[in-house]
Amino acid sequence: MAYRNRTVTIDGIEYKFDENGVATKVQFEAALAIDVSSHQGLIDWKQVADSGVKYAIIRALSWSKAENKQVLDSYFIYNVKNAKANGIKVGAYIYTYAYNDADIIQEVTTFDAAAKQLAKEGYTFDLPVFVDQEYPPMLEAVPSKAERTRLLRTEMVMLDQKGYYPGMYMGAYWAQAYVDTEQLLQEGYDFWVAEYNSTNRWDGRCVLWQYTSTGRVPGIQGNVDMNYLYKDYTGIIDGSDNTGGNPGQIKYSVYDTNAGTVRTDTVENLVAAIVNNEVGSGLELTGLDRATHMAAVSILPQCGHPFGGLEVQRGICRCEGGDRSGGGLLSGL
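Structure below.
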């Protein structure tokens, strides 16, 4: 059955379909999120949850002068376990000090080991793992904007290959002046921006807006960063799917405008079906990182999501623009 010009609830999630049976708007009210680190000290997560906070992004790593490398934030494990235990959905961020690929490997490997141990104990992520690039000495150590962009992309790709849903965090000016953020957005990476103004210049293009660093929340001593979360990751990241497992096994739901049904499958299988519809059989996509999936984007130029050109919103995949036969890109699934 095709859904057209109506709002439909699928698996408890509300979708709005246009006259062509394509989900054009998904209802999700901006939600309050905090981000924390060892700077906040010992947090009473029950008080935080009781205050109404439902989302938290937790710093995973911090720099050790003694070891001259990134190590686990001293409160990372505690914060993840206790936030989750009190019903708060969590993500993580890596404040990167990486000047080269070797540094990136060290950061991701350290994070991955801790995240896998958490997963074994039943603690998984519900939000992305963000790479936080804002370390001022990087501007001198890595003077090239192109190289800073490459380093940021490389760390996100490595996180993706480890099975995490990656994203990027930057201040608004850093994103404008020091990184090719436009290119990374075109590649489909989720963007969390810090902009301490009444308006957000990246409005509509970021998934999170950190609007102040001087918020106050019961259960936390002193100031805490406050954010608006604009994207609902339900159906995109379901906790167990963002724990360092096989990213190719994460499933998404897309609406087949020909068959009039919602199809749920892995990214690889959905991409293969779309490509087969566009150019016929014989083209195999085997890679799981964005570099490989961008090959599908070149074949399906009207789509904008990193996963082979799929735009996924709360489990609905939507592509705008026509294919060579004049139909929607999803029409041949």
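In the numbering used here, the protein residues as written are 21 to 353.
We treat Cβ as the ideally placed atom computed from N, Cα and C, and that holds for glycine.
Here the structure is a predicted model, which means the values were calculated and not measured.
DSSP places arginine 79 inside the beta strand (DSSP E), whose first and last residues are 75–79.
Excluding sequence positions up to five before and after glycine 191, its CB lies within less than 8 Å of the CB of Glu154, Val213, Ala214 and Glu215, all in the same chain and listed in chain order.
Counting along the chain, isoleucine 63 sits inside no beta strand (DSSP E), nor does DSSP assign it H or E at all. By the CB criterion at 7 Å, serine 57 and serine 94 fall outside the cutoff. Excluding five sequence positions before and after aspartate 55, the CB atoms of its chain that fall closer than 6 Å to its own CB belong to Ile77 and Asp245, given in chain order.
Residue state for aspartate 223 is assigned as coil, using DSSP reduced to three classes.
Per DSSP, valine 213 is one residue of the beta strand (DSSP E) stretching across 210–214.
In this structure, leucine 81 places its C-beta atom within 7 Å of the C-beta atom of isoleucine 114.
The three-state secondary structure of aspartate 55, taken from DSSP, is strand.
Of the residues Pro163, Arg225 and Gly242, the one whose Cα lies closest to the Cα of leucine 249 is Arg225.
Beta-bridge partners assigned by DSSP to tryptophan 229: Val213 and Tyr248. For isoleucine 240, there is no enclosing beta strand (DSSP E), since its DSSP letter is neither H nor E. Listed as beta-bridge partners of tyrosine 115 by DSSP are Asp152. The Cβ-Cβ distance between aspartate 210 and proline 156 does not fall below 7 Å.
When C-alpha distances from leucine 138 are compared across Leu92, Ile97 and Glu207, the shortest belongs to Ile97.
According to DSSP, valine 91 shares a beta bridge with Ser82.
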